[in-house]
Every structure is written in structure tokens, then in C-alpha cells.
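In order, the protein sequence lines correspond to chains A and B. Under the working numbering, the first residue of the first sequence carries the number 203, and numbering increases by one thereafter. Under the working numbering, the first residue of the second sequence carries the number 18, and numbering increases by one thereafter. Inspection log for the structure reproduced underneath, given as C-alpha cells.
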Amino acid sequence: MAHTSAPASTEAGERAVRVIGPWELSSLDPLRNGYLFSRMQVTETLVDFDADGLPTPALAARWQLSADQLTWRFTLQPGARFHDGTPVRPAHVVAALERARHAAGMLRVAPIADIGAEPDGIRIVLTRPFTPLLALLSHSSAQVLAPASFAPDGNVRAIIGSGPYRIVDLEPPQRFSIAAFDGWRGMAPAVRRASYLSVGRAEMRALMAEGGQAELAYGLDPGSIARLATSPNVRLHAVTIPRTTALKVNAGHPFLADVAVRRALSLAIDRRGIATAILRDPALAATQLFPPSLTGWHDDALPPLHFDSATARALLAQSGWQPGADGILRRGDARFAITLRTFPDRPELPVIATALQEQFRQVGIAMRVAVGNSGDIPFAHRDGSLDIGLMSRNYGVVPDAFGTVSQDFPPNGNKGGDWGAMGWADPAVTRALAALPSTPADADGGQLRGRLRRQIAATLQRDLPLIPVVWYRQTLAASPRLGGVSIDPFERSYRLTQMHWHS
Amino acid sequence: MSESMNEPSLPLAASPVQHTPLRWRTTSLVGRILLQRGLQALVVAALVGTLSFLMMRMLPGDTAFRVAAARYGFDMVSAAAAEAVRAELGLALPWTDALLRWWHHLLQFDLGLSSVTGAPVIDEIVHQLGHTLRLAVAALAVSCAIAVPLGFAAGLRAGGALDRGTLVASVLLRAMPPFVLGIVLVTVLAIEWNLMPAGGHHVHGALLMPALTLGLGLAATSMRVARNAMASVAEAPYFAFARVKGLTDGQALLRHGVRNAAIPLVAYLGVQLVYLVEGVVVIETLFAWPGIGHALVHAIFGRDVPMIQGTALVMGLMFVALNTLVDLACAWIDPRVRLARGRR
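See the structure below:
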């Protein structure tokens with residue numbers, strides 16, 4: 203009878219913080235589900251980032267960049283130990299980073315010539331200056347595991363990290379539990395035990411939080427957020443995160459190559475309506491690609507994208523599109539009919555897609571919505587069959603948005619990026635992206651970096667190779683019994699070590 | 018016929034026309050059922066594994082991109098990641114090679130590794146099937162506990178108040194989508210009354226909520242099956258005779274009613290169990306229950322061919338096993354089956 207009102211107790215009588223979220227633990231591999239272990243603070247990366255987006259020591263106590271900006275030296279924390287008691291050695295870090303240079307990791311973006319061990323740390327040699335390296339090193343795919351974590355075939359069979367918590371139970375694909383690691387070199391955390399459970403449905407996550415079955419519930423649906431706001435059993439926390447829902451437009455498509463048509467599409471979107479009706483938060487209507495939380499990239503001075511279907515129709519007419527008998531635009535023999543691809547991994551995407559379908563119909567564009575797999579969009583990008591893709595792009599995969607932006611607008615002619623431009627390139631953007639990683643982060647460099655980023659944002663706003671729709675807010679339902687709760691906007695950590703029990 | 022039903026110890030109730038002892042016939046009947054079903058199992062294994070492989074190959078879309086999306090998530094899937102997957106899994110090889118390799122491994126009782134998680138398929142299936150079976154048995158128990166007494170009572174007084182009341186309840190329960198029923202039950206039982214946990218599988222009592230949701234839905238139909246079975250028994254001449262010869266209602270029900278009415282009910286429960294083992298995706302997903310239906314949907318979405326083949330194979334064999342059990346149970350309950358099959 204009394205099983206849910208009190209937090210789960212363990213044999214030792216210690217209360218556990220139960221975290222629930224939509225993410226499944228399908229694999230132990232750092233490249234696949236490593237983020238779950240770094241968020242639960244079981245594993246560490248060389249570098250961490252604070253709330254202001256500045257690098258802080260993690261496994262590396264300090265680092266140094268050579269005068270030619272090509273060699274980075276990282277000194278490891280002297281007291282760092284893995285959960286099996288063995289010390290963290292430079293060779294382990296080198297092995298982890300080599301493993302992370304996989305096609306699915308973030309480190310592949312960096313121009314690395316060599317990674318080597320030194321007596322008290324490691325050395326990374328680059329082929330050209332690259333300041334975002336620290337951000338890439340903080341990605342969960344670059345987390346450092348003990349040698350005993352690996353099976354002889356190289357697969358990960360256990361998670362033996364070096365963070366403040368160690369694994370107690372692993373029950374893939376849904377659950378694992380952790381306890382404070384006694385050999386942790388830092389301050390002992392007040393929360394001694396915790397667990398993570400994957401719960402697929404947002405409604406159930408909300409109900410579990412309300413029923414006292416979870417202390418931290420991530421990924422809530424707008425309907426549940428409205429209900430939970432009045433519940434005495436939970437406290438809601440929200441933070442805008444650097445994620446944008448946008449249309450990836452094939453600018454090589456005969457209908458969409460004209461920038462006036464892309465502007466017409468943008469003007470046809472009632473973003474405020476979508477944000478209010480679907481996300482229940484009008485402030486999430488995007489006025490530009492980079493959300494306000496992306497400091498340095500978001501530019502308040504840019505003229506905001508807005509909704510104006512009359513101008514949209516006029517722009518389409520100027521491009522030679524005239525309404526046909528069925529209300530759909532025609533130009534010569536061509537009928538303005540296109541297909542939008544999207545995927546259901548983020549539940550709001552198909553809903554937004556149908557809203558866009560109707561809004562585009564109002565200006566005379568017939569759009570078919572195809573809901574499939576997220577892999578279909580990069581696949582259709584590659585074979586050129588994509589018209590428009592509706593996607594959700596995380597510019598905060600690593601704390602420096604350069605990591606994502608440089609992949610989305612790569613210097614490869616107008617081939618574009620899997621989740622970025624398609625059939626579109628701009629010399630100013632290419633030049634700015636080439637200059638950014640070699641611009642130092644000091645005072646003078648900082649000004650130049652700001653200018654380069656603003657230039658990129660302004661060009662994207664003008665040409666609309668991606669048409670932003672809405673931004674995103676992460677909402678967390680937390681138990682009022684838990685103090686010190688906050689959300690990491692970069693979704694790197696659940697910040698368990700900062701929390702404490704109120705009673 | 019009703020005479021033999023009277024006897025509590027069936028194997029001894031030899032009919033005068035029998036030339037061989039019924040016990041021997043029963044043994045040969047069990048052997049026959051097992052042989053028949055064993056052969057069926059082999060055919061099912063061969064067909065299901067191959068067909069699911071071919072069907073997955075024929076689906077549109079690129080397998081490497083799907084696997085990469087399932088492995089690395091929508092934030093990290095890219096053409097480069099897909100090409101790495103294609104090389105690692107040998108997806109560029111002709112499909113005949115892949116199928117032959119699967120067959121070769123299967124002959125050594127090896128179902129291979131999951132393309133998405135990299136874990137042995139058999140380990141994943143054992144884990145998921147265990148959870149699914151626990152839930153299936155619990156749901157069936159809930160369903161029987163509700164359906165059998167209520168259905169039998171309604172059938173005995175067909176057209177009575179209880180019969181009409183349970184009909185309305187059945188229609189309402191059947192009409193409600195399981196997802197909605199689950200949310201309603203959680204809201205009332207877990208949030209309002211705080212009686213049991215809402216979801217998850219590791220907490221004490223977590224089985225109750227999904228089992229209740231499923232069991233209520235199943236009870237809606239099995240209650241009607243139980244009611245109809247009992248109604249036809251209640252109308253049968255042998256039942257009227259039992260009461261005319263002086264048995265009380267209770268005695269007549271226990272000695273002539275339950276066993277006769279159980280035959281269609283057991284067959285129907287077998288069908289329900291098959292449906293449950295197949296995995297009730299909606300319920301498993303809603304209650305975060307790590308069952309096989311949920312896993313199969315994920316595997317299909319992520320184009321995890323070894324996992325799909327393995328799961329389809331194991332589930333095909335489970336169906337054969339369940340049908341065998343239902344056959345054996347019906348033969349045990351109903352001596353007519355044994356006699357009829359014995360004479361063949």
C-alpha cells in the first residue's frame with residue numbers, strides 16, 4: 203500500500219533518486235548510449251563545461267595550447283581512479299579518444315593528426331588550429347572507460363567509469379542503478395543512490411512523477427506540463443535548450459531553388475500558432491535558426507522571421523506560380539506538389555508536419571507528409587530525392603555550436619550536410635566557418651568570432667537553406683523533496699551531485 | 018456420453034466398445050500430438066526465419082541508414098555513420114550470402130548478434146520473453162478470475178439481470194482502447210488512491226497495473242465465451258437430467274457443468290495466451306514493460322534483421338508449443354477427443 207509515497211529505499215536504508223526519461227539503454231557502447239552514463243555521472247570526459255558554456259577541468263586537471271596552436275597537452279587529475287580501483291592512466295585516455303574518432307562520434311570533426319600518451323597526461327596534435335577541440339572532447343562518445351570494461355572482442359561488456367557514481371545494476375534496455383563511488387577524488391555527493399529508467403510514453407512519465415514514483419522526470423509532453431503545473435507533488439523546471447525544429451529544404455529542387463520561393467514558404471508558416479497550439483508556449487516560435495540560449499550565435503539584431511501569407515502569395519506569383527483550378531499553384535506544366543519527410547522519434551514532429559501541410563496549402567502548395575525513420579532524411583539527402591525534411595537539430599550536441607554548424611554547412615561545393623544545407627552554399631559562410639576554429643578565444647579574437655558568427659546567422663536568415671519553425675524547451679518534473687535541482691541546457695548531466703534531500 | 022462425464026477418474030472409465038485400454042490409447046494420442054506438432058515446429062522454424070529475412074530485405078529504404086539511426090539516435094545519424102555500419106555488418110554483400118550465413122549459424126543453435134545493440138539475440142529474447150510471459154500469465158489469471166465466475170453465473174441464468182449487466186460491462190470494456198483504459202486505471206489506482214505503482218518493471222507490485230489493464234480487456238470477451246458455454250450446457254438434456262435425478266444445483270454444476278463448459282473456454286484462453294505472448298505493444302510501451310512486442314517493434318523500425326528473425330522464430334515455436342498444450346489440455350478434459358483420435 204505504501205510503496206509509492208516514499209522514495210525507493212535500499213537495503214542500506216538510503217533513499218535513491220529515481221530518474222525517468224524517454225531514452226533507452228540499448229547498448230553500453232559510448233558511441234551509442236554513452237550519454238546516459240555521462241548524464242548520470244558514472245563516466246567522465248577529459249573536459250567538462252559549466253553553465254556559462256566555459257570549459258572546466260574533468261579528467262584533465264589542466265591543459266595547454268602550444269604557440270602554433272597545433273599541440274594540446276592535457277594533464278590528468280592525479281587522484282583519478284576507475285570504479286574497480288585502478289588508476290586512470292594516459293594510455294586509457296588515448297584508447298578512449300581513438301575509439302571516439304568513429305564516424306558516429308563527434309571527434310571526427312576535429313583535424314587530428316595524432317593522439318599520444320605522455321608521462322602525466324596526453325597530447326593531441328592537430329593539422330590546423332582548431333579551438334572547438336575542447337567542446338568535442340566533452341562529448342559523451344569520448345568518455346573514458348577502464349580496460350576491464352571491454353570484452354576481448356573490443357565490445358563494451360561493463361561500465362567501469364571514473365565519475366562520482368558507480369554502476370550497481372545494469373538491466374538493459376530499460377534500467378540501471380548507481381551508488382556513490384567511495385574512491386571519488388572530489389567531495390562526497392549528498393545523493394548516495396540513484397537509478398535511471400526508460401519510460402517510452404510521455405504521459406506515463408508524467409503520471410509516475412505525479413504518483414511519487416520518480417524524483418526526476420525528463421521529456422514531458424505539453425498536455426502533461428499544463429496539468430503538472432497545478433500538482434502539489436511535483437515542481438516543474440524549464441530551460442530553453444539549443445535545439446531548433448526546422449525545415450531542411452532541397453535548394454537544388456527546381457521548385458525550391460529560387461530564394462523568393464523559400465522566403466514565401468517561411469512567410470507562409472504561422473510559427474506562433476504552431477508554438478501555441480502544439481507546444482503550448484508562444485515564446486517558442488522561432489524568429490531565427492539559432493535560439494536565444496545559443497549565446498554568440500543568436501543575434502537579436504536580425505529582422506525576425508514572421509507570418510505573412512499575403513506576401514508569401516505575392517512572392518510565389520513573382521516567381522511565376524499561378525493558382526490552378528484546384529487551388530494549387532502551377533507554373534507551365536508543373537504543379538507545386540512536394541513531399542515532406544519527417545520521423546516520429548520526437549513526438550511533436552509529425553504533428554507540426556501536418557500543421558505545415560495545411561499552412562502551405564493555404565498559399566497553394568500541395569505537400570505530402572511522409573513519416574518514416576530518422577535515417578531517411580540523410581539517405582534522401584545523399585541520393586538527392588529529398589524535397590523538404592522536417593527535423594529537430596541539436597546545436598548543443600557539444601557546448602560549442604560550431605561542432606554542429608560546421609557539419610551542416612561543410613566546404614564541399616553545394617553538396618551540403620546530412621542535417622544541414624542541400625544544394626546550397628554561400629562563400630561568406632564557408633569562409634567564416636573556415637576562419638572560426640583558428641580564431642583564438644581571447645579579447646580580440648572574441649570580437650572577431652562574434653562577427654563571423656553573426657555573418658553566418660545573417661546569411662542563413664537571408665537565404666533560408668533551413669527554414670526555422672520552433673525552438674525547444676526542456677521541462678523537468680522534480681520531486682519537492684529534492685533540493686538543488688536544475689537542468690543542464692546542454693543535456694550533459696542530470697547534476698545529481700548538486701542535489702540533496704530536504705527531509 | 019454424459020455417463021462418462023460423471024466419472025471422476027476418467028482414465029479408468031473404459032467404454033465397452035474399447036479393445037485396448039484407454040491408458041495406452043492416451044499415451045499414443047499424446048505421442049501423436051507431440052510428433053505432429055514437432056514436425057510442425059521444424060517447418061515453422063524454416064519458414065518463419067527465411068520469410069522474415071526476405072520480407073525485411075524487400076522493404077524500401079536503406080538498411081544501413083536505419084540501423085545507424087537506431088544505434089546512434091536522430092542527433093548523430095549521418096551518411097558517414099551509415100557507411101561505417103554498412104561495412105561493419107557486410108550489408109553490401111549479396112543477400113543470399115547473408116541468408117546462408119544465418120542458416121549456417123542457426124544449425125549450430127546460434128541466432129547471431131543484434132545489429133543495433135551488438136548483444137547476442139538469444140540473450141535479448143530470453144530477457145524480453147521472460148517479462149512477456151510473466152505479464153501474459155498474470156493478465157490471464159486476472160482475466161480468468163473475473164471471467165470464469167461471472168461468465169458461468171451469467172450463463173446459468175441466461176437472460177437474467179447478471180447476464181445483461183455483464184454484457185454491458187463487456188461491451189464497455191471491449192470498446193475502450195487499452196491505452197485509454199491503462200491511463201484511466203493509473204490515474205485512479207496509482208495517483209488518486211495510491212494503491213499500486215504506475216509503471217516500470219523493477220518495483221514491487223509493478224506487474225499489477227499492466228496485468229489489470231490487459232486482464233480487464235481480455236475478460237470482456239472471455240466472460241462472454243464462458244457465459245455462452247455455460248448457457249448451452251445449462252440447456253443440454255444431460256444437465257436437465259442431472260437435476261431431475263435429484264442433484265442440487267451446485268452438484269449438477271460441479272459434476273456436469275464446469276467440465277463441459279471448460280472445453281470451449283480452454284480453447285479460447287489458448288487463443289488469448291497466443292495474443293498475449295505475441296506481445297501487447299501498446300501496454301508494454303505504456304507501462305515501460307520490457308517485453309517482446311515492444312522489442313520487435315523497435316527491431317523492425319531499426320531494421321535489426323537478426324533480431325527480427327530470431328524473435329519471429331522463437332515466437333513461431335512458442336505458438337506451436339502453446340497449441341500443443343491446448344490440444345493436450347482439451348484431450349485431458351474431453352474424453353471424446355481421446356476416443357475419436359484413438360480410433361483413427
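Beta carbons are placed, not taken as given, at the ideal position from N, Cα and C, and that holds for glycine. What you are looking at is a predicted structure, and each value in this text was computed from that prediction instead of being measured.
Beta-bridge analysis with DSSP links A:D316 to A:V327. The DSSP-derived three-state label of B:D114 is helix. Taking a Cβ-Cβ threshold of 7 Å, none of the residues of chain B is close to A:R465; the smallest such distance is about 28 Å. For B:T113, the number of other beta carbons within 10 angstroms of its own is below 16, and it is reported as exposed.
With respect to B:R272, B:A259 sits close: the two C-beta atoms are nearer than 8 Å.
Taking A:P613 as the centre and dropping the five residues before and after it, the same chain places the C-beta of T632 closer than 6 Å to its C-beta, in chain order. Segment contact: the segment 98-105 of chain B against the segment 78-87 of chain B, three or more CB-CB distances shorter than 8 Å; contact assigned. Shortest Cα-Cα distance from A:A305 to any of B:G147, B:Y89, B:L146 involves B:Y89. The way I'd put it, the segment 561-574 of chain A does touch the segment 517-525 of chain A; three or more beta-carbon pairs between them come closer than 8 Å. Where A:D250 is concerned, the enclosing beta strand (DSSP E) starts and stops at 249-251. Counting only the Cα atoms, B:G310 lies some 28 Å from B:C347. Identification of residues in the segment 64-84 of chain B having a C-beta nearer than 7 Å to some C-beta of chain A yields G78, D79, F82, R83, given in sequence order. Distance from the CA of B:S69 to the CA of B:L123, rounded to the nearest whole angstrom, comes to 14 Å.
Here DSSP, grouped into helix, strand and coil, assigns A:P289 to strand. Inter-segment contact for the segment 670-689 of chain A and the segment 438-448 of chain A is present: three or more beta-carbon pairs are separated by less than 8 Å. According to DSSP, residue pairing for A:H702 in a beta bridge involves A:G685.
Exposed is the label assigned to A:S705, since fewer than 16 other Cβ atoms lie within 10 Å of its Cβ. CA-to-CA, the gap between B:G172 and A:P484 works out to about 58 Å. Going by beta carbons, A:F611 and A:G622 fall inside the 8 Å limit. DSSP places B:Q145 in the uninterrupted alpha helix (DSSP H) bounded by 138-173. With a 10 Å radius around the Cβ and a threshold of 16 neighbouring Cβ atoms, B:K262 comes out exposed.
Taking the CA atoms as reference points, A:G605 sits about 27 Å from A:V461. Under a criterion of Cβ atoms nearer than 7 Å, the residues of chain A adjacent to B:D92 are, in order, N596, V599. The alpha-carbon separation between B:C161 and B:P195 amounts to approximately 18 Å. For B:S187, same chain residues with a beta-carbon under 6 Å away, outside a window of 5 residues either side, are A237, M240, R241 in chain order. Assigned with DSSP and collapsed to three states, B:N340 falls in helix. Between A:G307 and A:S343, the CB-CB gap stays under 8 Å.
Just so you know, the alpha carbons of A:P224 and A:S426 end up roughly 15 Å apart. DSSP, read as helix, strand or coil, puts A:H455 in coil.
Any Cβ of chain A closer than 8 Å to the Cβ of B:G147 would place that residue at the interface, and such an atom is absent. Listed along the chain, the chain B residues whose CB falls inside 8 Å of the CB of A:E550 amount to none; the nearest CB is some 13 Å away. By the Cβ criterion, the segment 583-591 of chain A is in contact with the segment 450-459 of chain A, since at least three pairs of Cβ atoms, one from each stretch, lie closer than 8 Å.
DSSP, reduced to helix, strand and coil, places A:F378 within a strand of the structure shown.
Taking the Cα of B:L235 as reference, the smallest distance to any Cα among B:L116, B:Q53, B:G287, B:D351 is reached at B:G287. A:E560 and B:R181 have their C-alpha atoms spaced approximately 47 Å apart. In this structure B:Q125 is exposed. Its beta-carbon is surrounded by fewer than 16 other beta-carbon atoms within 10 angstroms.
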